[in-house]
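In the working numbering, the protein residues as written are 238 to 1055. Just so it is clear, CB atoms sit at the ideal spot from N, CA and C, and this is done for glycine as well. Notes follow once the structure below has been shown.
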């Protein structure tokens, strides 16, 4: 053995760490002071309610009564959902942590024929907004007149499009826009924020980048003037800010968005890594968002970046299926995008769509199509969007993944809103750089958060071993965690540092804050969410050691901090810190799975944590739990209820750590559906290539005569007593359609994503057999399907198969609470 090798071997025996892998230190300089907010640039409408509540906006964030305010906004199109469902669906959104509902007011849904306005039933805008207020949600109305929304002519009625120029200051067009706005004003009378109503914002037009005489900023100014004339006086006026948008500076606030795939693209392959997964430090525009008009000029938002806040309106928690491109999106594909947006400076998190839907019936089909000059083909009826809440209110896995971020923003968004984005020492070269760590920080003074994303849809990210963060702060350098962590492909998280726990400073944590509960004399409880894989470490100032208890965990002083690790996340009180005044500060760390089940709501006069795998909403004095497929229910509650809730059946009581638990089981139901073939598929011609996109177009109506058809019988008696029953239609083909007689109930582009249809609303029509038709998919069809969804044609030229039709019961348990 050489002398060099002998020396190395001896060193390894004496200092084993010398052979260990060196730490990967991710550095951020956060020493620069936070600039004071710029006031006066944004011209708001009336921003004071009759109760004296004042909404404000500066160049950094929104305010409520002078304090920073960070809303979470979700899009829900009232006309795409039965009016009888609105209140329940709004409660579901609130239970998911949504605080503001946005909705397009789609012109051709209300005035399909000139002068014949329809504000009834599912078009009853006034009632929808009244229910928003009842449920406790505020609202932003997106009044167009051009909306897009995957609607025919972007929502502008046919009779307007055929007769006059649109989307500009043409006098004839403005006459009818003014009439439409006046109708909206009548519907919203008394419902604006200034009147004590829920409407806090108005969006004008959409994706507007048109330039020229009577267009551009001049047109947006005209629309704002017409909106004010109609009585639409709101604290906030917005426009979409992407794709070179133009607007009058200061008169409106730009909002932004991003999607993890582009179903409007023409590629039949996987797209390059999306910019939506990369932190942004110099721009707020996250790639192509599918604007129907194209510009190559710099937009107004780019010039105003230092004068307006960074608000979101269209961060897609899913994407639609379009005929030529049908990407299936996973829950982590969406949730990993959220730390990126927050770490890039977003101060209003807005989703499009948060709730899926179906187009209302009209004199003609109201969907966007290449046949009517649109850029895309979308289903005639279905607007599922792979949204967190499906068209029938189904809770999807993506909702579970998003919910912890919403509770974080409800309780700690005011802290985050004042924090400035801090660019790391090294950033990826571009969106396709999958090796450089993706991270950022936001801070104000010595406190802040780090944001990490190591997930990119359909691409493997490089793993990073033995990672620690080094943040340079005004008060000195902070390095954490004390034990380095490995960041694997697919990991993403938000971690705090120098986080105030009611006077006790949490130096750092490898867990995300979720909520703060003030229990009065019993103290304060802070709730955190553990990462699904990375161990939890909490670090405090060593001076609090005499006050601290951490049952079941290891407590040791390391790196000048009091470090708590080997902690098992769950429902117990992990850490308790005694205080000289007031009750103790307790820290509860939930598992990642428990955090996804969390709802926070006022129940029996107190704000409480509710954990349930079932879909849970609070309605007055009752907890409503819905279970899809299983008749077993369980909910955990903290703080405990004084009186146990009651239900129609037996409720079992128990405890789980600090939580009180209640469980019940309803009688199980077995639902059946029978299938009988009606006609075999015929040969379909090759797809046409054309339209504005010069890509595959949906086959014309006559082609559907070649569809295979099956009769489906669901005995209606077996559904009695259920909250709903979901018809699951598993087919392989091109387009599926569901009929009751000759009435089309729903349609679906085959994608590998499950097609469901709620049977609750079809009533007497279920007494007659239903029909499922499947248009064959050609093996040579130039459309994009995910690799897992592309069928094996086995040498056949086309496929049209109905694999199975099943019915899943949806059970409802009401727990009455006093």
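Closest residue to residue i among the options (Cα-Cα distance)
i	options	result
residue 973	984, 832, 980	984
residue 896	835, 865, 950, 517	835
residue 708	723, 691, 678, 701	678
residue 640	354, 837, 280	837
residue 879	1053, 462, 662	1053
residue 205	795, 764, 768, 964	Given that the chain is displayed from residue 238 to residue 1055, the structure contains no residue 205 and the question cannot be resolved.
residue 267	573, 715, 815	715
residue 947	932, 298, 910	910
residue 1030	683, 396, 1015	1015
residue 782	797, 418, 768	797
residue 939	337, 464, 922	922
residue 378	847, 991, 766, 341	341
residue 1063	409, 376, 381, 441	No answer is possible for residue 1063: the residues shown for the chain start at 238 and end at 1055.
residue 383	365, 989, 417	417
residue 438	465, 318, 595, 354	465
Cα-Cα separation, residue i to residue j
i	j	result
residue 293	residue 936	50 Å
residue 311	residue 557	16 Å
residue 256	residue 670	Low confidence applies here, because residue 256 scores a pLDDT of 36, under 50, leaving its location unreliable; read the following figure in that light. One C-alpha to the other measures close to 30 Å.
residue 243	residue 733	Low local confidence applies: a pLDDT of 37 at residue 243 is under 50, so the model's placement there is unreliable, and no value is given.
residue 348	residue 1028	42 Å
residue 634	residue 623	10 Å
residue 997	residue 626	16 Å
residue 691	residue 406	47 Å
residue 239	residue 652	Note that residue 239 scores a pLDDT of 40, beneath 50, so its modelled location is shaky; the value from the coordinates is reported in the next line. Those two C-alpha atoms are separated by around 59 Å.
residue 444	residue 907	48 Å
residue 308	residue 950	46 Å
residue 580	residue 729	12 Å
residue 331	residue 592	12 Å
residue 883	residue 260	55 Å
residue 326	residue 386	20 Å
residue 391	residue 460	17 Å
residue 629	residue 495	25 Å
residue 676	residue 516	7 Å
residue 1055	residue 721	48 Å
beta-carbon residue i near the ligand GTP non-hydrogen atom, thresh 7 Å
i	result
residue 1000	Among the ligands in the structure shown, none appear at all, so the ligand GTP cannot be discussed.
Terminal residues of the beta strand (DSSP E) in which residue i lies
i	result
residue 837	835-840
residue 707	701-710
residue 912	911-916
residue 741	741-746
residue 479	Where residue 479 is concerned, there is no enclosing beta strand (DSSP E), given that its DSSP letter is neither H nor E.
residue 924	Neither: residue 924 is in no beta strand (DSSP E) and is coded neither H nor E.
residue 551	548-552
residue 378	375-379
residue 312	309-312
residue 659	657-659
residue 283	Looking at the DSSP string, residue 283 is not in any beta strand (DSSP E), and its letter there is neither H nor E.
residue 525	Counting along the chain, residue 525 falls outside any beta strand (DSSP E), and DSSP gives it neither H nor E.
residue 732	729-738
residue 947	945-950
Residue i: first and last residue of the uninterrupted alpha helix (DSSP H) it sits in
i	result
residue 457	453-466
residue 571	568-572
residue 642	634-654
residue 367	362-372
residue 1040	Taken as a continuous stretch (DSSP letters only), residue 1040 belongs to no alpha helix (DSSP H), being part of the beta strand (DSSP E) at 1038-1053.
residue 327	323-332
residue 344	344-347
Exercise for review: Say whether the region 1030-1044 touches the region 916-926, bearing in mind that this needs 3 or more beta-carbon pairs closer than 8 Å, one atom from each stretch.
Suggested key: A contact is defined here as three or more CB-CB pairs under 8 Å, and the region 1030-1044 meets this definition with respect to the region 916-926.
Review point. Can you find at least 3 beta carbon pairs, one from the region 427-441 and one from the region 466-479, that sit closer than 8 Å?
Key: With the cut-off at 8 Å, the region 427-441 and the region 466-479 touch.
Check your understanding: At which residue ranges does the region 794-875 contain complete beta strand (DSSP E) runs of 3 or more residues, listed in the order of the chain?
Key -> Counting whole runs of 3 or more residues, the region 794-875 contains the beta strand (DSSP E) stretches 798-802, 812-814, 822-827, 835-840, 843-848, 852-856, 859-865, 869-875.
Review point. Should the region 544-560 be regarded as contacting the region 577-594, the criterion being three or more beta carbon pairs within less than 8 Å?
Key: The region 544-560 vs the region 577-594: in contact.
**Study point:** Continuous alpha helix (DSSP H) assignments of at least 4 residues falling wholly in the region 587-612
**Key:** Correct list: empty.
Exercise for review: Please list the segments of the beta strand (DSSP E) lying wholly inside the region 403-444, counting only runs of 3 or more residues, in order along the chain.
Suggested key: DSSP assignment within the region 403-444 yields the following whole beta strand (DSSP E) runs of 3 residues or more, N-terminal first: 436-440.
**Study point:** Inter-stretch contact (C-beta, 8 Å, three-pair minimum) for the region 752-766 and the region 815-828
**Key:** Output reads yes: the region 815-828 touches the region 752-766.
Exercise for review: Inspect the CB distances between the region 901-908 and the region 875-892 and report whether three or more fall short of 8 Å.
Suggested key: Touching, yes.
Check your understanding: So does the region 843-855 actually touch the region 1010-1024, counting three or more Cβ pairs closer than 8 Å?
Key -> Judged by pairs of C-beta atoms under 8 Å, the region 843-855 does not touch the region 1010-1024, as fewer than three such pairs exist.
**Study point:** Sequence ranges, beta strand (DSSP E) only - wholly within the region 963-997, length at least 3
**Key:** Fully enclosed beta strand (DSSP E) runs of 3 or longer: 972-977, 980-986, 992-995.
Check your understanding: Are the region 492-501 and the region 518-527 touching by the rule of at least three beta carbon pairs closer than 8 Å?
Key -> Under the Cβ criterion (8 Å, minimum of three pairs), the region 492-501 counts as touching the region 518-527.
Point to revise | Stretch-stretch touch, CB-based, cutoff 8 Å, three pairs: the region 612-622 with the region 267-283 | key: Touching, no.
Exercise for review: Assess, as a yes-or-no matter, whether the region 649-668 is touched by the region 532-539 under the definition of 3 or more beta carbon pairs within less than 8 Å.
Suggested key: Between the region 532-539 and the region 649-668 there are fewer than three C-beta pairs closer than 8 Å, too few to call the two in contact.
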